[in-house]
Amino acid sequence: MMARALDLARRPVEPPYPNPRVGAVIARDGEVLSEGWHAAYDAPHAEYMALEKLGFRAPGATIYVTLEPCCPFPGKRNPACSELIVAAGIARAVIALPHPFDGENRGRAIMEEGGVKVETGLLAEEAEWLVAGLFHYRRTGRPMVAAKWAMTADGLIAPPDRKRGKISSSEGFRFAHLMRHRADAVLVGVGTVLADDPMLDCREAGFSHPVRVVADPRLETPPGSKVAATARERRTVVLCAEDAPQERERALEKLGVEVARLRARGGELAPSDMLAALAERNCLLVLVEGGASVHGRFFDAGLVDEYMIVVAPKLLGGRDSLHPIGGKGRGDLAQCVPLADFRVERLGEDLLLRGRPVFDGRRATRRP
Ligand SMILES: NC(=O)c1ccc[n+]([C@@H]2O[C@H](COP(=O)([O-])OP(=O)(O)OC[C@H]3O[C@@H](n4cnc5c(N)ncnc54)[C@H](OP(=O)(O)O)[C@@H]3O)[C@@H](O)[C@H]2O)c1
Ligand SMILES: [Zn+2]
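If you want this note's numbering, it's the position in the sequence shown, counting the first as 1, plus 64.
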């Protein structure tokens, strides 16, 4: 039931920001009675939608919700779902994720005081991915950034001729697509578009697709590339410098590509400006997929919240092969960026390394 609620929360193509994605299922004796999801900022809440279908009466039923139901607070525009759940006679509420913000987290107490049995924590990690970008944005004023690449065991992401090829196994590949499903946007440099011509979509059946974003100061994204040619079916945003050639902008816009001109310093697009442009477009969880130049710029700017590194059991070698993080780097081993909460998981024959970078004494971001 909770897995279903998580799927429902993902249904809207556009996230309902500044409200969270939420899904809800009402069930009795293993049978689904009704379902709801928060479709848009001004649409009813997921719990409201599910309760409305039952005439706001569901005695003895259980509600499964991905996020703690809302409570009354000054200025609130809609009826509080926690109160509606009590009034409907619901017996039990299963919540994946407690609400993290003070003043918005009284839903549980309201339901308990109303006689509803409340449980939390079921499928909490996936539920946290649903709201990670939004809550990070509320805490920090910028989108959450996860940086991901696949590399050989000797730490290389492409051969000297930059020809595309497979690095990870099918499990590593599936993880990459799961992350695209979780993200609002996936960002690559134009070098990756030119070398790999990626589709940047989510290949798993039933999964949602992120907005595709190319960092491309001089507008070199070819109109014949997959991201440009398919822009009418899936949103593609190209971030360029304000003086990028007009005729290239027109050619891309004809295909449905959104071109956003950013202030550039010495031909450089600052990661903070790129993130601000993405926040304006409702992209609050950004998956940076490379290549090396892009990873280098985000690393040098200290604007990554989580690294996700897929390591394949193979060696490439070669001084001219490409390593993952370009840019200036730290220059000195004593200045390395530590990875907090460093973890290893198995992805079939590959390994997944995860860590939250601690840039210059700043606190690492909370991880979903
Ligand atoms: N294994 C993996 O997971 C993985 C993932 C992605 C890509 N790759 C590989 O990586 C290679 C491409 O990497 P790459 O480093 O050449 O290309 P890239 O990072 O994809 O793009 C680099 C290009 O974009 C420009 N650029 C990117 N961000 C910019 C910014 N913020 N401001 C200004 N310019 C910006 C760069 O300009 P400058 O020249 O001025 O830096 C350069 O022209 C390909 O071989 C691809 O197969 C591997
Ligand atoms: Zn609500």
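By construction, the Cβ of each residue, glycine as well, lies at the ideal position given by its N, Cα and C atoms.
If you compare alpha carbons, which of the options is closest to residue i?
i	options	result
residue 66	170, 132, 299	132
residue 399	282, 419, 364	364
residue 234	261, 393, 120, 416	416
residue 433	330, 358, 68, 411	Any answer about residue 433 is impossible in this case: the structure gives the chain only from 65 up to 432.
residue 296	309, 320, 287, 163	320
residue 122	100, 151, 146	151
residue 198	390, 347, 418	347
residue 239	214, 382, 113, 279	214
residue 109	342, 126, 82, 179	82
residue 219	380, 418, 390, 397	380
residue 205	349, 191, 264	349
residue 236	410, 208, 427	410
residue 251	279, 245, 242	279
residue 344	71, 72, 78, 70	78
residue 242	305, 264, 144	264
residue 404	394, 413, 414, 371	371
residue 276	315, 353, 207	353
residue 249	298, 225, 232	298
residue 104	90, 310, 72, 92	72
residue 80	102, 378, 88, 117	102
So what does DSSP say about residue i, is it helix, strand or coil?
i	result
residue 15	Nothing can be reported for residue 15, as the shown portion of the chain is limited to 65 through 432.
residue 256	helix
residue 372	strand
residue 230	coil
residue 208	strand
residue 354	strand
residue 175	helix
residue 65	coil
residue 487	It is not possible to answer for residue 487, since the shown part of the chain is limited to 65 through 432.
residue 149	helix
residue 128	strand
residue 263	coil
residue 403	strand
residue 336	helix
residue 328	coil
residue 394	coil
residue 160	strand
residue 202	helix
residue 91	strand
Could you check if residue i belongs to the surroundings of ligand 1, using beta carbon to heavy atom distance under 7 angstroms?
i	result
residue 385	no
residue 176	no
residue 361	yes
residue 286	no
residue 357	yes
residue 300	no
residue 342	no
residue 292	no
residue 401	no
residue 217	no
residue 213	yes
residue 306	no
residue 312	no
residue 221	yes
residue 207	no
residue 333	yes
What's the C-alpha gap between residue i and residue j?
i	j	result
residue 318	residue 138	46 angstroms
residue 29	residue 173	Because the chain spans 65 through 432 in this model, residue 29 falls outside it and cannot be assessed.
residue 290	residue 185	40 angstroms
residue 158	residue 183	5 angstroms
residue 267	residue 254	21 angstroms
residue 274	residue 85	15 angstroms
residue 340	residue 366	15 angstroms
residue 368	residue 154	42 angstroms
residue 106	residue 424	40 angstroms
residue 114	residue 100	4 angstroms
residue 402	residue 211	15 angstroms
residue 216	residue 294	31 angstroms
residue 74	residue 168	22 angstroms
residue 426	residue 375	27 angstroms
residue 386	residue 262	18 angstroms
residue 257	residue 285	7 angstroms
residue 166	residue 146	16 angstroms
residue 383	residue 76	46 angstroms
residue 407	residue 130	25 angstroms
residue 270	residue 70	13 angstroms
residue 412	residue 373	14 angstroms
residue 180	residue 422	41 angstroms
residue 142	residue 119	17 angstroms
residue 163	residue 292	39 angstroms
Give a yes or no on whether the minimum CB-CB distance between residue i and chain C is below 8 angstroms.
i	result
residue 263	No chain C is part of this structure, which consists of one protein chain only.
Exercise. Pick out every residue whose C-beta is nearer than 7 angstroms to a heavy atom of ligand 2: which are they, in chain order?
Worked result: My final list is 109, 111, 112, 133, 134, 142, 144, 145.
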